[in-house]
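Numbering (the working numbering), first residue to last: 23 to 243.
A virtual CB, placed ideally from N, CA and C, is assigned to each residue, including glycine.
Keep in mind the model is a prediction, meaning the values are calculated, not measured.
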């Protein structure tokens with residue numbers, strides 16, 4: 023709801039930069055208190071966690087810049103694609119998340135192998151620095167490339183913007199008159215599909231939760 027009242031390109035990109043800065047700063051922690059502080063602030067801009075294995079089988083919960091990026095991505099998809107088209111696009115988004123999680127271990131392994139103790143910096147610190155730097159760079163492009171609304175998207179022509187708006191207008195599910203945010207919330211809570219989606223999401227989280235403990239499970243085999 024907040025994204026609908028602000029500029030998604032600025033809001034999402036700013037939060038991604040915040041995640042990147044805090045992630046890179048984690049490499050400079052000296053004690054447990056510093057790590058807890060970083061994790062506390064990272065929690066404001068973090069949604070989905072990725073766990074990576076570090077030396078000796080330990081785990082580093084590096085997090086992911088998916089909040090508000092992930093719900094923001096769903097919001098942007100919903101204002102550009104019709105209901106019939108949304109399922110495929112959301113599936114692609116989910117697939118990208120799974121693929122990135124699968125590749126994260128390879129990135130961590132390459133970092134530890136090639137950069138450990140380079141310039142006197144441990145491999146796990148390099149991992150935080152690299153991920154933070156790359157995320158910050160991508161976030162800068164987000165200010166210019168992420169659309170705010172189909173009617174004002176800079177990289178679309180006037181005809182394309184008009185077509186995008188008309189497509190969503192024709193596909194609108196709810197009533198045409200604008201109501202309050204609470205009216206929209208009540209309407210969503212009364213829809214059985216909302217609760218079905220919540221159940222599916224909880225099943226999904228339960229199914230992939232073993233990822234956080236996978237390195238430990240492998241080590242004990």
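- Assignment of residue 51 by DSSP, reduced to helix, strand and coil, places it in the coil class.
- If only uninterrupted alpha helix (DSSP H) runs of at least 4 residues are considered, those enclosed by the stretch 125-199 are 145-167 and 180-192.
- Contact check for residue 32 and residue 161: beta-carbon distance about 11 angstroms, past the 8 angstroms limit, so the pair fails to qualify.
- With distances taken between CA atoms, residue 66 lies nearest to 37 out of 92, 37, 57 and 55.
- According to the DSSP assignment, residue 202 belongs to no alpha helix (DSSP H), since it is labelled neither H nor E.
- Cα atoms of residue 217 and residue 211: separation of roughly 8 angstroms, rounded to the nearest angstrom.
- Measuring C-alpha to C-alpha distances from residue 158 to each of 45, 30 and 28 identifies 45 as the nearest.
- In the structure shown, residue 103 falls within a coil segment according to DSSP collapsed to helix, strand and coil.
- Judged by DSSP in its simplified three-state form, residue 36 adopts helix.
- The three-state reading of DSSP puts residue 215 in helix, counting H, G and I together.
- Distance from the CA of residue 229 to the CA of residue 219, rounded to the nearest whole angstrom, comes to 15 angstroms.
- Residue 117 carries a helical assignment under DSSP once its states are collapsed to helix, strand and coil.
- Cβ neighbours of residue 42 within its own chain (closer than 6 angstroms, five residues either side excluded): 154, 157 and 158.
- Separation of the CB atoms of residue 133 and residue 152 is rounded to 7 angstroms, and the pair is thereby assigned contact status at 8 angstroms.
- With contacts defined as CB atoms closer than 8 angstroms, residue 172 and residue 190 qualify as a contacting pair.
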